[in-house]
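Just below is one structure, and these are the notes that go with it.
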Amino acid sequence: MNDNPVRRAAPTPADSIAVAASIDAHRAHPEVDLRRHARNRQIELAKSLQGRRAIYLDLKFWIGLRDAEATSGHTPHPYSDLLAALRRTVTEHRAFCPISDSCFLEVFKQSDSATRRKTAALIDELSLGVTIIPFELRVGTEIAHLLHAARTPEQVFPLDQLVWTKLSYALDYFSPPVGMFDKHTARAIEKAFFDHMWTIPLVEIEEHIGDAMSTKDPVHHERLAHTLNQDVAKHAPEIKSFKQVYEHELVGVMDLYASHAVDILCDMAPPSMGPPPAKDTGEYKNIERHCLSLLIAAMETNRGKATLRTLHIETIIHAAVRWNKGQKFKANDFFDHQHAAAAVGYCDAFFTERSLANMLTRSDLGLDKLYDCAVVSNPEAALQYVRSTF
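Going by the working numbering, the first residue of the sequence shown is number 26, and it counts up by one from there.
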């Protein structure tokens, strides 16, 4: 579990008492490590959400709902009826509106602290404090699920139970330094800290890190867009079909994640096979090549696309942009594409901007149909979806 910019101020006396009691409770179960405890909490959360539809809103919709709330009903607003409808369905235990790491970062890009805080409060209310696990962790989870399900399908949890977590962990899991304690005490502290952070609302996170996060330099997205556009222009004469572009993108993306598959396979190997090969050895590189072939082959099957859904959605969207030779990557596209991968892959509905909705629902891509996700791009259509569904 890695470092994370989400940090909390000094705990209150009540917090300290609760954490101390939690540490004592966790001492009784030293056999449960932090990873297993976190997985148990995730599955518990997923089961608590059963029966609710997941409706994912991009930042445009969150801002529209926030602005509608600010009118207090005194002035007509295009999002007022949608806000009321979403509140009703959430209150009636029929829906929730999760965010993701990309949405988390976009919320904190807002420079005005007052409106940023109001956005965070609305997210706390409608999301029930729930987010999809961050992109890299989600990709790793999907790859692990593919490999474990192929070997011991009866022992894997449904993928949809492994992707939900709480807002404090929107960017990654993290834990405090515990090296100065004995093993059992350290483990109990880690689990108690995890449980404490599990309850922290987004408004409290915003209070402590909002201003610092809003000033982060987004120039790396500008540079990435520039680099990709140069690469697209360079290879444009070679591109003859969308299938060719998709296959090129697929190989490139899977090459980035083949090492993840190697590491997972090494973890799955019995101790009798000895230690895993070092990453700079020919043996490791050979396994990595086999894993690359395995991941590419998986994407040729419905099961593979259903499991590796984050990578499939990202890959096909990138291919669609490259195939449209008049279109260029923009810095904000990377947020939009990650919204799409999270929303279409794991939610029942996605409310987003028109251009992205048009791409996702194109007949040749058919991502909305493949993953059974309703995609709409304006508050009127979103309201119609909510009213007709609930």
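Every residue, glycine too, gets a C-beta built ideally from N, C-alpha and C.
Since the structure is predicted, the reported quantities are computational estimates derived from the model, not experimental observations.
Problem set entry | Cutoff 6 Å; reference T96; Cβ partners in own chain excluding five residues on either side | Locating residue 96 in the sequence shown gives position 71, counting from the first residue. Taken in chain order, the residues that qualify are H102.
Exercise. In terms of alpha-carbon separation, which member of Q186, V287, L227, E179 lies closest to H315?
Worked result: What you label residue 315 is simply residue 290 of the sequence shown in a count that begins at 1. Of the listed residues, the one whose Cα sits closest to H315 is V287.
Exercise. Using the C-alpha atoms, what's the distance from H99 back to F182?
Worked result: Along the sequence shown, one-based indexing puts residue 182 at 157. Along the sequence shown, one-based indexing puts residue 99 at 74. Computed Cα separation, rounded: 48 Å.
Exercise. Looking at C-alpha atoms only, which residue of N311, A43, I338, K350 is the closest neighbour of K265?
Worked result: Sequence index remark: in the sequence shown, residue 265 carries index 240 (1-based). Ranking the options by Cα distance to K265, first place goes to K350.
Exercise. According to the neighbour-count rule (16 or more other Cβ atoms, all chains shown, within 10 Å of its Cβ), is D28 buried or exposed?
Worked result: Position 3 of the sequence shown, counted from the start, is the residue given in the question as residue 28. Low local confidence applies: a pLDDT of 49 at D28 is under 50, so the model's placement there is unreliable, and no value is given.
Exercise. Any contact of the region 319-329 with the region 145-155, i.e. 3+ C-beta pairs under 8 Å?
Worked result: no
For this session: Within the same chain, show all residues whose beta-carbon is closer than 7 Å to that of A283, passing over the 5 residues directly before and after it, in chain order.
Result: Indexing the sequence shown from 1 puts residue 283 at position 258. These residues qualify, in order along the chain: E313, C316, L317, L320.
For this session: Excluding the 5 residues preceding and the 5 following L108 in the sequence, name in chain order all residues of the same chain whose CB lies nearer than 8 Å to its CB.
Result: If you number the sequence shown from 1, residue 108 lands on position 83. Same-chain partners within the cutoff: L90, A93, E94.
For this session: Could I get the ranges of all uninterrupted beta strand (DSSP E) runs contained in the region 332-412, with 3 residues as the minimum, in chain order?
Result: 374-376, 399-401
Exercise. Which residues in the same chain have their Cβ closer than 7 Å to the Cβ of A34, if we skip the five residues on either side of it in sequence?
Worked result: Within the sequence shown, residue 34 is the residue found at index 9, counting from 1. Annotation note: pLDDT 48 at A34 (below 50); position unreliable, coordinate value reported separately. Closer than 7 Å at the Cβ level, and outside the excluded window around A34, lie H233.
Exercise. What separation, rounded to the nearest whole angstrom, lies between the Cα atoms of A43 and L385?
Worked result: The residue labelled residue 43 in the question sits at position 18 within the sequence shown. The residue labelled residue 385 in the question sits at position 360 within the sequence shown. Near 46 Å, if we compare the C-alpha coordinates of L385 and A43.
Problem set entry | Alpha-carbon to alpha-carbon, D207 and A368 | Along the sequence shown, one-based indexing puts residue 368 at 343. Along the sequence shown, one-based indexing puts residue 207 at 182. The alpha-carbon atoms of A368 and D207 are separated by roughly 42 Å.
Exercise. By the 10 Å Cβ neighbour count, where 16 or more other Cβ atoms means buried, how is D83 classified, buried or exposed?
Worked result: Within the sequence shown, residue 83 is the residue found at index 58, counting from 1. Per the 10 Å Cβ criterion, buried.
Problem set entry | Distance, P404 Cα to F375 Cα | As a working note, residue 375 is residue 350 in the sequence shown. As a working note, residue 404 is residue 379 in the sequence shown. Near 12 Å, if we compare the C-alpha coordinates of P404 and F375.
Exercise. Expressed to the nearest angstrom, what Euclidean distance is found between the alpha-carbon atoms of P295 and R328?
Worked result: Along the sequence shown, read from residue 1 onward, the residue named residue 295 stands at position 270. Along the sequence shown, read from residue 1 onward, the residue named residue 328 stands at position 303. Distance between the alpha carbons of P295 and R328 is about 26 Å.
Exercise. Quick one: what's got a C-beta closer than 8 Å to E378's C-beta in the same chain, skipping five residues either side?
Worked result: Locating residue 378 in the sequence shown gives position 353, counting from the first residue. Excluding positions up to five away in sequence, the list reads D83, K85, D361, S402.
Problem set entry | K134 (DSSP reduced to helix, strand or coil) | Within the sequence shown, numbered from 1, the residue matching residue 134 stands at position 109. K134: helix per DSSP, three-state reduction.
Exercise. If you count every other CB in all the chains shown that lies within 10 Å of the CB of R141, and 16 or more means buried, which is it?
Worked result: The residue given as residue 141 occupies position 116 in the sequence shown. Buried is the call here.
Exercise. For R66, does the three-state DSSP call read helix, strand or coil?
Worked result: Taking the first residue of the sequence shown as 1, we reach residue 66 at position 41. Of the three classes helix, strand and coil, the one that applies to R66 here is helix, per DSSP.
Exercise. How would you call E69, buried or exposed, if buried means at least 16 neighbouring beta carbons within 10 angstroms?
Worked result: Numbered from its first residue, the sequence shown carries residue 69 at position 44. Exposed, since its Cβ has fewer than 16 Cβ neighbours within 10 Å.
For this session: Measure from the alpha carbon of H221 to the alpha carbon of each residue in L390, K191, Q409, H209, then state which is nearest.
Result: Looking up residue 221 in the sequence shown gives position 196. For the residues L390, K191, Q409, H209, the minimum Cα distance to H221 belongs to K191.
For this session: List the endpoints of the continuous beta strand (DSSP E) containing R78.
Result: Within the sequence shown, residue 78 is the residue found at index 53, counting from 1. Element bounds for R78: 78-82.
For this session: From the DSSP output, in three-state form, read off A95 for me.
Result: Within the sequence shown, numbered from 1, the residue matching residue 95 stands at position 70. Judged by DSSP in its simplified three-state form, A95 adopts helix.
Problem set entry | Distance between R61 and R52 (C-alpha atoms, nearest Å) | Numbered from its first residue, the sequence shown carries residue 52 at position 27. Numbered from its first residue, the sequence shown carries residue 61 at position 36. Straight-line Cα distance between these residues: approximately 15 Å.
Exercise. What residues in its chain sit with their C-beta under 8 Å from that of A211, if we drop five residues either side in the sequence?
Worked result: Translated into positions along the sequence shown, residue 211 becomes position 186. Cβ within range, chain order: V203, G204.
For this session: Within its chain, find whatever has a CB closer than 7 Å to the CB of A146; leave out the 5 residues flanking it on each side and keep chain order.
Result: Here the question's residue 146 lines up with position 121 in the sequence shown. Hits under 7 Å: V228.
Problem set entry | As assigned by DSSP and simplified to three states, the class of I230 | Within the sequence shown, the letter at position 205 stands for residue 230. Correct three-state label for I230: helix.
Exercise. How would you call M279, buried or exposed, if buried means at least 16 neighbouring beta carbons within 10 angstroms?
Worked result: Along the sequence shown, one-based indexing puts residue 279 at 254. Buried.
For this session: Alpha carbon to alpha carbon, how far is D389 from L59? Give it in angstroms, no decimals.
Result: If you number the sequence shown from 1, residue 59 lands on position 34. If you number the sequence shown from 1, residue 389 lands on position 364. Spanning the two alpha carbons is a distance of roughly 44 Å.
For this session: Kindly indicate which three-state DSSP category V115 falls into: helix, strand or coil?
Result: Counted from its first residue, the sequence shown places residue 115 at position 90. Of the three classes helix, strand and coil, the one that applies to V115 here is helix, per DSSP.
Exercise. CA-CA distance, S125 and L171?
Worked result: Locating residue 125 in the sequence shown gives position 100, counting from the first residue. Locating residue 171 in the sequence shown gives position 146, counting from the first residue. Answer to the nearest angstrom: the Cα atoms are 22 Å apart.
Exercise. Using DSSP with H/G/I as helix, E/B as strand and the rest coil, what is T156?
Worked result: For the purposes of this step, residue 156 is taken as residue 131 along the sequence shown, with counting starting at 1. In the structure shown, T156 sits in a strand (DSSP, three-state: E or B).
For this session: Taking I88 as the reference, give the member of I148, A217, D397 with the closest Cα.
Result: Taking the sequence shown and counting its residues from 1, the one referred to as residue 88 is at position 63. Closest by alpha carbon: I148.
Exercise. For the beta strand (DSSP E) that contains K191, what are its first and last residues?
Worked result: Translated into positions along the sequence shown, residue 191 becomes position 166. 189-191 is the span of the beta strand (DSSP E), which, as asked, contains K191.
Problem set entry | Own chain, CB closer than 6 Å to I158, minus 5 neighbours either side, in chain order | Within the sequence shown, numbered from 1, the residue matching residue 158 stands at position 133. Excluding positions up to five away in sequence, the list reads V188, T190.
Exercise. Going by the CB atoms, is the gap between A366 and T326 shorter than 8 Å?
Worked result: By 1-based counting over the sequence shown, the position of residue 326 is 301. By 1-based counting over the sequence shown, the position of residue 366 is 341. Going by C-beta atoms, T326 is not nearer than 8 Å to A366.
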